[in-house]
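Colleague:
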Ligand SMILES: Cc1cc2nc3c(=O)[nH]c(=O)nc-3n(C[C@H](O)[C@H](O)[C@H](O)COP(=O)(O)OP(=O)(O)OC[C@H]3O[C@@H](n4cnc5c(N)ncnc54)[C@H](O)[C@@H]3O)c2cc1C
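Numbering (our numbering), first residue to last: -3 to 467.
(1) Under a Cβ-count criterion, where at least 16 other Cβ atoms within 10 Å of its own Cβ denotes burial, should residue 158 be classed as buried or exposed?
(2) Reducing DSSP to helix, strand and coil, say where residue 26 ends up.
(3) Do the region 166 to 173 and the region 206 to 224 make contact, defined as three or more Cβ pairs closer than 8 Å?
(4) Using a Cβ-Cβ cut-off of 6 Å (strictly less than) and excluding sequence neighbours within five positions of residue 422, which residues of its own chain qualify?
(5) Are the CB atoms of residue 336 and residue 59 nearer to each other than 7 Å?
(6) Let me check understanding here. Comparing Cα to Cα, which of 464, 341 and 334 lies closest to residue 33?
(7) Which parts of the region 373 to 405 are runs of the beta strand (DSSP E), unbroken and 3 residues or longer, counting only runs that do not cross its ends?
(8) Residue ranges of each beta strand (DSSP E) run of no fewer than 3 residues wholly in the region 95 to 155, ordered along the chain?
(9) Whole beta strand (DSSP E) runs in the region 173 to 248 with 3 or more residues, listed along the chain?
(10) Specify the secondary structure class of residue 41 as computed by DSSP and reduced to three states.
(11) Exposed or buried, residue 146, counting other C-beta atoms within 10 Å across all chains shown (16 or more means buried)?
(12) What residue ranges within the region 345 to 375 form continuous beta strand (DSSP E) runs of no fewer than 3 residues, ordered along the chain?
(13) Taking the C-alpha atoms as reference points, what is the distance between residue 382 and residue 272?
(14) Could you tell me whether the Cβ atoms of residue 28 and residue 356 are closer together than 7 Å?
(15) With residue 48 as the anchor, note down where its alpha helix (DSSP H) starts and where it stops.
(16) Report the CB separation of residue 144 from residue 42 in whole angstroms; it is logged as a contact under 8 Å.
(17) Once DSSP output is grouped into helix, strand and coil, what is the label at residue 408?
(18) Closest to residue 177 by C-alpha separation, out of 248, 189, 185 and 183, would be which residue?
(19) Classify residue 63 as helix, strand or coil using the three-state DSSP reduction.
(20) Using a Cβ-Cβ cut-off of 8 Å (strictly less than) and excluding sequence neighbours within five positions of residue 320, which residues of its own chain qualify?
(21) Roughly how many angstroms separate the alpha carbons of residue 368 and residue 396, rounded to a whole number?
(22) Is residue 138 buried or exposed, if buried means 16 or more other CB atoms sit within 10 Å of its CB?
(23) In the DSSP assignment, what residue or residues form a beta bridge with residue 303?
(24) To the nearest angstrom, report how far apart residue 349 and residue 342 are at their CA atoms.
(25) Looking at the secondary structure, which residues open and close the beta strand (DSSP E) in which residue 85 lies?
(26) Can you tell me the Cα-Cα spacing of residue 467 and residue 82, whole angstroms?
(27) Ordered along the chain, which non-local residues of its own chain (more than five positions away) have a Cβ less than 8 Å from that of residue 201?
(28) With hydrogens ignored, establish whether the beta-carbon of residue 332 is closer than 6 Å to any heavy atom of ligand 1.
(29) Excluding the 5 residues flanking residue 392 on each side, which residues of the same chain have their C-beta closer than 6 Å to its C-beta?
(30) Just to confirm, does residue 40 get its C-beta within under 6 Å of one of the non-hydrogen atoms of ligand 1?
(31) Report yes if the C-beta distance between residue 473 and residue 361 is below 7 Å; otherwise report no.
(32) Starting from residue -1, trace the beta strand (DSSP E) both ways and give me its first and last residue.
(33) With burial defined as no fewer than 16 other Cβ atoms inside 10 Å of the residue's Cβ, what is the status of residue 313: buried or exposed?
(34) Just to confirm, is the Cβ distance from residue 140 to residue 79 under 7 Å?
(35) Kindly examine ligand 1 and report whether one of its heavy atoms sits closer than 6 Å to the Cβ of residue 354.
(36) State the CB to CB distance for the pair residue 233 and residue 123, rounded to an integer number of angstroms; the pair is presumed to be in contact (CB under 8 Å).
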């Protein structure tokens, strides 16, 4: 019998698992996919948001800054890749100054002490490659960027080292409520647990419905992105936002922790979790990014992707014990959920304490986890590279098999050690990796890799052609 079962191994479930592993508890995480971090946590802007954009009346407004403040320490412990870059909300017109002031005021209400409005001279000093017409910007010094998948992987690796059990490829199909405990029936197994924490992202409504909790609805809102080669990442220093709208924070331009550049997302309500990308939407996104900078070389597009937000009916995070006793929902965690996730985990600890659940400290909790060395950009030995774009050797690639999360796909290797993330997108290294694995009698199911599963991403050459014709 588990004390706590967490459904969903996204960044929220991962933070909760690791936070709860600080206590003497029997904890399990159930995930339907062959790896952790396969939902919204994998495909997003990767921004550690300042915390000024969401209204103070909303939980997501009040909790974001608390989460953001934890990233520096978490990165010291878990080595997942985080950079404090600062962010700018740029405005071209005097008319927007009031909106910037409102954002600043909201940020102060949310507890921020590192935001201010700056003028065009200061903007130009900070960003030399953006358009010259910006008059003002809201500067948030403590905003930053991180690797969302390395973050989630790191949290779960560390949680497992501290006793948490992870079950991949187990989709929750049914939950029986036996009052003293829940019986959770999955693809191949069944589990018993005293408490369930529903962190199933886009699937959270379905999971809640399984225990007759119909208290919220979720809708899906997709957002598409471009990823550019590392030659473009250095052109921008901070995260660049345009004025936010009701649908989101608008099109942003940002470097990534790995040195690439991303542009996106747009926002479109969907009936399904649509991960396809299409030229028409991407052309519109690119046009909007031109309002910020025209210095990005479109021939350096590496790939495109789409992420899907889980938007709740009250447009806020739902983090509470449901009317069903011992069933806790953590649902509707759209942006800034990645930033807020460490604080969401602490919020869950408070919920458990307040309901009188015994939490006895785990004296042997080890907060540390070794990274995969993806931030060593000055490699001296470049011999025997398997992935030439990202400069990865066989030894570095095989390191993921020494870790506690089972590796079931080539994509899982890519997300950990970046082999296949470069300009050629694995065209050169994937066959070599397959050969290495086969020689070691490691058989992965290549059919589960996202690129060939059921996701249709626009062809890079077609996209570049469409961009050239339309801008
Ligand atoms: C386009 C976009 C941009 C964003 N940008 C940012 C940003 O820059 N900064 C920021 O702070 N936040 C951002 N966010 C929000 C952030 O990505 C999410 O808040 C966060 O990833 C949510 O994590 P999660 O763990 O709740 O959900 P998920 O990552 O979706 O995890 C849920 C998990 O549950 C699993 N699951 C579902 N159903 C079942 C089932 N029946 N059985 C077992 N497992 C199941 C799924 O497979 C999945 O792995 C963005 C989101 C999107 C979509």
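C-beta atoms are modelled at their ideal positions from N, C-alpha and C, and glycine is treated no differently.
Modeller: The relevant details are as follows:
(1) Taking all protein chains shown into account, residue 158 has 16 or more neighbouring C-beta atoms within 10 Å of its C-beta and is therefore buried.
(2) Residue 26: strand per DSSP, three-state reduction.
(3) Three or more Cβ pairs closer than 8 Å define a contact, and the region 166 to 173 meets that threshold against the region 206 to 224.
(4) Cβ within range, chain order: 416.
(5) Yes.
(6) Measuring from the Cα of residue 33, the nearest candidate turns out to be 334.
(7) Taken in chain order, the unbroken stretches of beta strand (DSSP E) that lie wholly in the region 373 to 405 and span 3 residues or more are 381 to 383.
(8) For the beta strand (DSSP E) assignment, the uninterrupted runs of no fewer than 3 residues enclosed by the region 95 to 155 are, from N- to C-terminal side, 111 to 115, 132 to 136 and 140 to 142.
(9) With a minimum length of 3 residues, the continuous beta strand (DSSP E) runs that stay inside the region 173 to 248 are 178 to 182, 186 to 194, 214 to 224 and 235 to 237.
(10) Taken through DSSP and simplified to helix, strand or coil, residue 41 comes out as coil.
(11) Taking every protein chain shown into account, the CB of residue 146 has 16 or more other CB atoms within 10 angstroms, so this residue is buried.
(12) Secondary structure remark: continuous beta strand (DSSP E) runs of at least 3 residues inside the region 345 to 375: none found.
(13) Taking C-alpha positions only, residue 382 is separated from residue 272 by approximately 29 Å.
(14) Contact check for residue 28 against residue 356 fails: the beta carbons are separated by 7 Å or more.
(15) Membership of residue 48 in any alpha helix (DSSP H) is not indicated, and neither H nor E is assigned to it by DSSP.
(16) Indeed they touch by this definition, with Cβ atoms about 5 Å apart.
(17) Residue state, collapsed to three classes: helix.
(18) Nearest C-alpha to residue 177 among 248, 189, 185 and 183: 189.
(19) If DSSP states are grouped into helix, strand and coil, residue 63 belongs with the helices.
(20) If you ignore the 5 residues before and after residue 320, its C-beta comes within less than 8 Å of the C-beta of 173, 207, 208 and 209, all in its own chain and listed in chain order.
(21) Distance from the CA of residue 368 to the CA of residue 396, rounded to the nearest whole angstrom, comes to 8 Å.
(22) Residue burial is scored here from C-beta neighbours: residue 138 has at least 16 other C-beta atoms within 10 angstroms and is therefore classed as buried.
(23) Partner(s): 219.
(24) Each residue's Cα considered, the two are about 11 Å apart.
(25) 83 to 87 is the extent of the beta strand (DSSP E) around residue 85.
(26) Between residue 467 and residue 82, the C-alpha separation is close to 30 Å.
(27) Cβ neighbours of residue 201 beyond the five flanking positions: 212, 213, 214 and 327.
(28) Yes, ligand 1 has a heavy atom inside 6 Å of this Cβ.
(29) For residue 392, same chain residues with a beta-carbon under 6 Å away, outside a window of 5 residues either side, are 413 in chain order.
(30) Yes, ligand 1 has a heavy atom inside 6 Å of this Cβ.
(31) Shown here, the chain extends from -3 to 467; a query on residue 473 therefore has no answer.
(32) Counting along the chain, the beta strand (DSSP E) containing residue -1 begins and ends at -2 to 3.
(33) Residue burial is scored here from C-beta neighbours: residue 313 has at least 16 other C-beta atoms within 10 angstroms and is therefore classed as buried.
(34) Less than 7 Å separates the beta-carbon of residue 140 from that of residue 79.
(35) Residue 354 has its Cβ no nearer than 6 Å to any heavy atom of ligand 1.
(36) Indeed, because the Cβ distance is near 6 Å, the residues count as touching under 8 Å.
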